[in-house]
Every structure is written in C-alpha cells, then in structure tokens.
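Q: Submitted below is the structure of interest, expressed as structure tokens.
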Amino acid sequence: MSEPVLALFFTGLLLFSTGVYLLLGVRNLVRVVLSVEVLAKGVTLMLLAAGVYRGAMGLTQSLIVTFIIVETILAAVMLALVVICQRTNSSLDIRLLSRLKG
Amino acid sequence: METYVGSVLLIPLVGALVMPWVSKLGRRAADILAGAVGLAALASCLALVPGAGTTTTLRALGATFTVDGLSLLFLVVINVVGFFCAVYSIDYIGHYGGRAKFYALLMLLIFGLNGVVLVRDLFSLYVFLEVASISSYVLVAYNLEFDGIESSLKYLLLSAVATGMILIAVSLVFASTGTLSFAELKSALAGGPNPLFLFAAALFFAGFGLKAAVVPFHAWLPDAHPSAPAPISAMLSGVVIKVAGVYALTRIFFGIYPAPAQVLKVFLVLGVASMAAGAILAYLQTDMKRMLAYSSISQIGYIMIGLGLGNWLGVVGALFHVVNHALFKSLLFLNSGAVQFRTGTRDIREMGGLENRMPITSVTSTFGTLSIAGIPPFNGFWSKLFIVLGALAAKNYTIAVLTVSFSIFTLGYFLLLQRRVFFGKLNERWRDLKEAPAAMSFAVICLAAQCLLVGVFFNQVVRGLIEPAARVLLGGN
Amino acid sequence: MTLLIGCLALLVLSVVLLGVVRDLLYASAALAAASVLLSIVLFHFGANIAAAFELSVCAGLITVLFVSTVSLTKDSDQKTEARLPVVFMVPMMALFAGLAYFLVRWLAGMLPAPAAQASALTFQEAFWGQRTTDVLGQISLVLVGVFGLLAILRAKSTGRNHE
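Sequences listed follow chains A, B and C, in order.
Following the working numbering, the numbering of the first sequence begins with 228 at its first residue and continues without gaps.
Following the working numbering, the numbering of the second sequence begins with 2 at its first residue and continues without gaps.
Following the working numbering, the numbering of the third sequence begins with 201 at its first residue and continues without gaps.
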C-alpha cells in the first residue's frame, strides 16, 4: 500500500481515538461537542483513505459530502441542546450528567 | 407491491412535511393527521405481508428500496408500535407544548427506521439511521427539563461514538472490497473471513451493539428512558434498539458475513451477560421506567442468545421475540406513562392499589407482565420456548437452564412491580385518581390484545412473518 | 508527499490545541484551522467538491455555530476545565499514535490490491446517480434538523396547549 494512504489511515485513527478520549475526559459541554467534531474529522480521513486506495474518487466524494451534511445537522442539534442546557442549569459542566448514574 | 414499499416510506415523510400547516387548522387537525399517517403507514406495511416470502424492489428516481422477509418483520414492528405511540401521544403530550413538532419528529423517526430496513447498502443504512437517531435525540429531550436534556446528551454522545466506529468499519470494508452494497459484499466475503474483516466485524459489533443496548454497551439506555416522554421510551425500547441494533447486526453478521462461529459465540456470551445483568439490575430499581429499561436490556439478551445459537429454532425464537418484545415492552412503557401522567411520579414505593382507580391500565399491565414473563397463552411464552428449544437442539444445556431460570426471575420482579403499583391497598394519596385518557387507553388496549392474539395464533404469525425472515438469515437469501 | 505529511501534522497539532486551550473561542478557531487543513488534504487528492464542502461547511458554518453557542453561553463556568484529561492528552495521543501505527502496518498487509477500476464515476454521477438513496435520506435529515431545532429552542408554554 502506498505511503499517502497509510498516512491517511494513521491520522484518521489517531484523530478518532483522540476525539473519543476528549469526549470522555473534558468537562465543558461545548468542548465535548468540539471533540465530536474531531472524531468526525477522523472518520472523514478514513473515508478518504479508503477511497484513495480504491481510486474511486467520485464515489468517495459523495460519501464524504453526505457525511459532512449529516454531521453538520447533528452538530446544530447538539449545540442547540447545549444552549438549552445552559439556560436550564446555568452551567455547562458535564459532571451534571453523572447525576444520572446508570 | 412496489407501491406499498413507496407508500410506507413516503407517507410518514409527507406527513411530517405538511404537519406545520395542518396544525394551523387546530389541535384536532394535527391529532387526526398524526393518527391517519400512522394508520396509512401501518396499512401499507400490512399490505406487504402476504408477499413475505418474496423480495420486492422499488426503484424510483434512481433510489432503490428493497423489502424481503427480514425487512418486512422489522417493518411491521416499526409501524405497529409507531401507530399506537402516535395515537397515545394525542393525549399524552399536551403539557409539553410543541405538539405539531412532536408529531413531525415522530413521523420522521418512523420514516428513518423504515428507511433503515429498506436499503441494501451500508452507507445508506448509516444515513437513514442518523435520520432516526437525530429525531430520537430531540424527542428524548422533549420536556426541555434538566433530566430530559441530560439523558438526551448522554445518549447522543455515546451514539455518536458508535456511529463513528461503524463508519470506520465501513471504510475498511470499502477499502478491501470496493463496494458497499450488501449483495456484492456478501459474495466478496464468501471466501471466509480474514483478519481485516474480523477487525471490521469487531467495530461493527461494538457500534451496533451499542445501538442495541447489549451489555457492555448498555449504559445509555437506563438513563435515556426515564426522562423521555412515555411514547418515546416505548419507541426506543420497543423499536429503535431493535431496528438500529438487532436488525443491523443480523443483516451484517448473517447477511454479509456468513455467520462465522466466533461471532456467534460472542452473540451468545454477551446475550447471556445482558440477560443476567439486565434482570438483576431491573430487580433493584425503584423508578418504574428505569426498571423497564433494564428489563429491555435483559430481553435483548434473549434475542442475542437465540441468534447466537444459530440454528433454526434459535433464530426463529429470536426474531419472534423481537416482535413480541416490541409489543409488550411498548405496552408496559405506555402504561407506566399513564401512571406517571395521573400520579405525577415514577417511584413505585409511592404507589399501591392503583387497580381500583385505573382498571384498564392495571389489566393491560397484567397482560404485559404475563407476556414478558413468558406465561402461556401470551406471546412471550412462545418466543422464549423456541429459544430454549433451540438451546436444547444445540445441546447447550447451560443456556437452556439459564434462560428458563431468568424467565422465572423476570416473572418474579414483574409480579412484584405489579403488586406494588396496582394491587394491594389503595394508597390514600390516589383516592381521586382517574383512569388514563381515551386515546392512551385505546393504544394500550390494542397492544394488550395483540399480546394475547399473537400468543393464541402464534402458529400463523410464525409461519407468515417470522419464518420468512429466518429463511433470509439462514437460507442464504 | 511532504505537503501531505505537513498538513496532517498541523491537523493533529490543531487538535491538540483544541484540547489544551482554556478559551472556547480559541478552541473553535483551532477546529476551524483543522477543517481548513483537512480541506487542503482533500484538494491534494483531487476530491475538489468534498474539499469545497469541508471548507465552507465545517470551517465556515460549524465554526459560526460554535461561536454563536459560545457567546450565547457566556455566563457559564468556562474556566473550570478538568486538569487531568488535558495534562494527559498528549501522552494519550502518543499512545494512540503508537497503536494506530501498528494497526495500520498490520492491516496494510491484509488489504488485497485493488482491481483496475473500469468505471471511475465523476462526483455528479456518483452522488446523483448511484447514491440517490442517500440524497433522499439527506433531504429528510434537513427536515429533522429544522423541526429538531425548532422543537429544542421553542418557548416553553406554561401549561397551556398550543398547536
């Protein structure tokens, strides 16, 4: 496999795992949403890597564009929830979530 | 036939689209539209049932939607529960405000789930899954109180990680085979799994297992449920975790991968873990809906066990349990919602003797309890029996014993719940309690009736709906 | 190749910044920078339309959404970020990098060589032709987004039923 594709796979996995790590670790809800975006970047890189390896750029671009659209709508909904959360609790501390211990 | 595939998709979508305008005509108009859309979608879906053994494809404007036995089973589950939840909502969501938006989002949830089972492509499955998921995130948070928002966010974040893992698996599969369609992947993978595919399989299992609330990925469900509006809890436990989770798992691991033995073993082990952990944790709860949530995790365990056994009886039992659990779990959730609606609490320690004031709720709850515990002639008995028989057929006596034991345990804690909430002396607080409103009662009566009828006529249901689906999974369709 | 490695390295760096900086506005800026770098990477491989999308939507629209959210939630306790996850971020990333490296090396050996692609679709053909099902999904997703945002941000009525 060629070097560029390996680099893409590597960075994609790295960003994805970093995003998950941040999501589980940080406290501020806005930063949590940022970490979801980070893991989305990782996924984009993985899709790109797969597409470059296959040489099917038209199809890959469709997948990436669709993914971006879906992620954007998700981000909008997440941020709206964060805003409402702030309105009801005057705090964006994620430790509040652990009140609902499973 | 194709038109029904089209209508089952389009009706909820168009319904959601026109809801804002129709609701301008008044509250009743919105209610009627919601009910009508649910009914029409259900009718389209039932019209497809006679052709259960065949595969029908709709090709419109370049998009392809296919229904086969497996899709049809889940389609029935989605639209039956969806219709009754829509009717139930007519009386339930009054105090939430935003009635039209609720209906619209519920219809989009149904549309998304219908889409998930009708596509034959991994990436399209992801897109429609997101349609359903994002609708459900908003619907869970609908009360806009602290607890609703927090549970929605927790659900959302875990779900986002799961989706990410699924997409990484999709990229790996795409990189190695160059295709995303189920049919082509199936032939590409027929040569036996190599480590790359097993790695992707692990990611698929983690991702979809989280959506199915299988142990150890179950943590979000008990928190998502209590705060969500009751019809949404019913949809989540009864439908979403089955479609987003179980359907996707079966489609991938039986439809694409040739049901490799290692995967089935994982199904079996995690199924037993879910069955046990869910039941034990359910027993320890005091919040009614939380107990029902843990019970869902336990019942998903039964389904996973049935699938993990891999033989005809096990798979038929598992698929039958998908249908039955959807029916009786949504019934139980809707009833808990009715109790909460009238009493204002979910704490079972504060209840007692409600059967005197809420007879319909009490009787239908009893139906649900007997169904989930597996008492004949209710539906739950048959599906659990098939799973146990499947275990015996596979000479797996441990599983058979465990399944039966936990069924008895389930009966135990559900009877306790029934007794504490409905039977016994009427708690003085509830002296002036009224029965649940008409629409809510109608919905639960119908669901309870179905629990009984499906149990009595199990033979027809199994022959007509379940076996075609099992054939898709095991017959190499 | 060096351009690619450079962009990817800067991308990882901006993600580190995102986790480390205290001020959320700077963190959003770091995300925007990451998006710009990602779109350069996409351009590099000829995925022009995807790159344009990444630039305008992620670097543009999502950054605007984040900045609006940050300004709307100004009063909240931004300063009390947990020390531990931030301190451990870089070491954890090094760990992930190591794991990813071995994983990629291992998987690289598994991938079969790609067969010569006879049909190389253009973006238009692929998006509107082959993936029309996804387009339908996205249209409905827009509806979900609209209704969802309206539902979340609705004024809460105090007990009376509207609509």
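From the three backbone atoms N, C-alpha and C, an ideal C-beta is built for every residue, glycine too.
#1: Looking at the unbroken alpha helix (DSSP H) that takes in R420 of chain B, where does it start and where does it end?
#2: In this structure, does DSSP put S297 of chain B in helix, strand or coil?
#3: What residues of chain B sit near V263 of chain A, judged by a beta carbon separation below 9 Å?
#4: On the CB-based measure, 16 or more other CB atoms within 10 Å of its CB, does P13 of chain B come out buried or exposed?
#5: Rounded to a whole number of angstroms, what is the C-alpha to C-alpha distance between L145 of chain B and V162 of chain B?
#6: Who are the near neighbours of A101 of chain B in its chain, counting only those whose CB is closer than 6 Å to its CB and skipping five residues on each side?
#7: Does any C-beta atom of chain C lie closer than 8 Å to the C-beta of T65 of chain B?
#8: Do the region 110 to 128 of chain B and the region 141 to 160 of chain B touch if we need at least three Cβ pairs shorter than 8 Å?
#9: Compute the minimum distance between the beta carbon of P378 of chain B and the heavy atoms of the ligand GDP, and state whether it is under 7 Å.
#10: The alpha helix (DSSP H) with A319 of chain B in it runs from where to where?
#11: Which first and last residues belong to the beta strand (DSSP E) in which F66 of chain B is found?
#12: Is the distance from the Cβ of T65 of chain B to the Cβ of T333 of chain C below 8 Å?
#13: Below 8 Å on the Cβ atoms is my contact criterion, and I expect V309 of chain A with L301 of chain A to pass it. Report the Cβ-Cβ distance as a whole number of Å.
#14: Quick check: the region 399 to 411 of chain B against the region 268 to 284 of chain B, are there 3 or more CB pairs under 8 Å?
#15: Can you tell me which of the three DSSP states L190 of chain B falls into?
#16: Quick check: is the beta carbon of A351 of chain C nearer than 8 Å to any beta carbon in chain B?
#17: Hey, quick one: how far does the alpha helix (DSSP H) through T263 of chain C stretch, first residue to last?
#18: Quick one: which chain A residues come within Cβ less than 9 Å of V267 of chain C?
#19: Whose C-alpha, out of B:G39, B:S90, B:V247 and B:W313, is nearest the C-alpha of A235 of chain B?
#20: Got a sec: which bits of the region 298 to 322 of chain A sit with their beta carbon under 7 Å from any beta carbon on chain C, in order along the chain?
#21: Let me see if you follow: with CB-CB separation under 8 Å, is V270 of chain A close to chain C or not?
#22: If you check the beta carbons only, do A327 of chain B and S299 of chain B fall under 8 Å apart?
#23: When you compare the CB of V257 of chain A with every CB in chain C, is at least one pair closer than 8 Å?
#24: Which full runs of the alpha helix (DSSP H) of 4+ residues lie inside the region 208 to 252 of chain C, going along the chain?
#25: Alpha carbon to alpha carbon, how far is A245 of chain B from R121 of chain B? Give it in angstroms, no decimals.
#26: Out of A:Q313, A:M273, A:I291 and A:T315, state which residue places its alpha-carbon closest to the alpha-carbon of G239 of chain A.
#27: Under a CB-based cut-off of 8 Å, is Y143 of chain B close to chain A?
#28: Please name the residue, chosen from C:L231, C:L204 and C:L299, that lies closest to I262 of chain C on a Cα-to-Cα basis.
#29: By how many angstroms is the C-alpha of L238 of chain C removed from the C-alpha of T293 of chain A?
#30: Quick one: give me the first and last residue of the beta strand (DSSP E) that A61 of chain B is part of.
#31: Check the Cβ of P312 of chain C against every Cβ in chain B and list those closer than 7 Å, keeping chain order.
#32: Identify which residue in B:L204, B:A294, B:V174 and B:P261 has its Cα closest to the Cα of W221 of chain B.
#33: Any C-beta of chain C sitting closer than 8 Å to the C-beta of M284 of chain A?
#34: Suppose the cutoff is 7 Å on Cβ atoms and the five residues either side in sequence are ignored; what does the same chain contact list for E363 of chain C look like?
#35: Once the 5 residues before and after F342 of chain B are set aside, which same chain residues still bring their CB inside 7 Å of it?
#36: Whole alpha helix (DSSP H) runs in the region 225 to 276 of chain B with 4 or more residues, listed along the chain?
A: Inspection of the coordinates gives the following:
#1: Y398 to V422 is the span of the alpha helix (DSSP H), which, as asked, contains R420 of chain B.
#2: helix
#3: Within 9 Å Cβ-Cβ: L157, L158, A161, V162 and G165.
#4: buried
#5: 24 Å
#6: M20, P21, S24 and A31
#7: T65 of chain B counts as touching chain C.
#8: Too few Cβ pairs lie closer than 8 Å, so no.
#9: No copy of the ligand GDP occurs in the structure displayed, which carries no ligand at all.
#10: Looking at the DSSP string, the run of the alpha helix (DSSP H) that includes A319 of chain B is W313 to T344.
#11: A64 to V68
#12: In this structure, T65 of chain B sits near T333 of chain C, with a CB-CB distance shorter than 8 Å.
#13: With 8 Å as the limit, V309 of chain A and L301 of chain A do not qualify as a contact, their Cβ atoms being about 13 Å apart.
#14: yes
#15: coil
#16: Answer yes: the Cβ-Cβ gap between A351 of chain C and chain B drops below 8 Å somewhere.
#17: T263 to L272
#18: Within chain A, not a single residue places a beta-carbon under 9 Å from that of V267 of chain C; the smallest gap is close to 10 Å.
#19: B:S90
#20: T299, I300, A302, A303, V304, L306, A307, L308, V309, V310, I311, Q313, S317, S318, L319 and D320
#21: no
#22: Going by C-beta atoms, A327 of chain B is not nearer than 8 Å to S299 of chain B.
#23: yes
#24: 224 to 244
#25: 14 Å
#26: A:M273
#27: no
#28: C:L231
#29: 16 Å
#30: Taken as a continuous stretch (DSSP letters only), the beta strand (DSSP E) holding A61 of chain B covers T57 to A61.
#31: S177
#32: Nearest C-alpha to W221 of chain B among B:L204, B:A294, B:V174 and B:P261: B:A294.
#33: yes
#34: Since pLDDT at E363 of chain C reaches only 32, below the 50 mark, its modelled position is unreliable, and no value is offered.
#35: Y93 and A437
#36: 231 to 236
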